[in-house]
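The block underneath contains the structure these notes are about, expressed in structure tokens.
In this note's numbering, the protein residues as written are 1488 to 1582.
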């Protein structure tokens, strides 16, 4: 994890720019055994719903990797967002 001179990590700065954590599962066919599926899973920061980083990776995959894609599953979570709050009925006394 790279840390800038001001102390903020690159990952944190990406989250402030709107990036969230994406978990991606790619199922693809093995080139030598076209009836077998293989799973490749990884995590990266990306922007939903367009996923430009993932699209770039899939373009690279299509050009450079021999295993044809079967399916891609994405789970995405914004890590920095508005705080959740809950109204509480009652009186809180502080002495």
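The beta carbon of each residue, even a glycine, is placed where N, CA and C say it ideally should be.
Which of helix, strand or coil does DSSP assign to residue 1522? Your numbering for residue 1522 matches position 35 in the chain shown. It is coil, neither helix nor strand.
Which of helix, strand or coil does DSSP assign to residue 1540? On the chain shown, position 53 is the one that residue 1540 refers to. Helix at residue 1540.
Are the CB atoms of residue 1538 and residue 1561 nearer to each other than 9 Å? The residue labelled residue 1538 in the question sits at position 51 within the chain shown. The residue labelled residue 1561 in the question sits at position 74 within the chain shown. Going by C-beta atoms, residue 1538 is nearer than 9 Å to residue 1561.
Spatial neighbours of residue 1513 within its chain, please: CB distance less than 6 Å, with the 5 preceding and 5 following residues excluded, ordered by chain position. Numbered from 1 along the chain shown, position 26 holds the residue referred to as residue 1513. 1527, 1559.
Quick one: residues in its chain with C-beta nearer than 6 Å to the C-beta of residue 1504, no 5 flanking neighbours on either side, listed in chain order? As a position in the chain shown, residue 1504 is number 17, starting the count at 1. Nothing listed; no residue qualifies.
Once the 5 residues before and after residue 1542 are set aside, which same chain residues still bring their CB inside 6 Å of it? Here residue 1542 corresponds to residue number 55 of the chain shown, with the count starting at 1. The answer is none, since no qualifying residue turns up.
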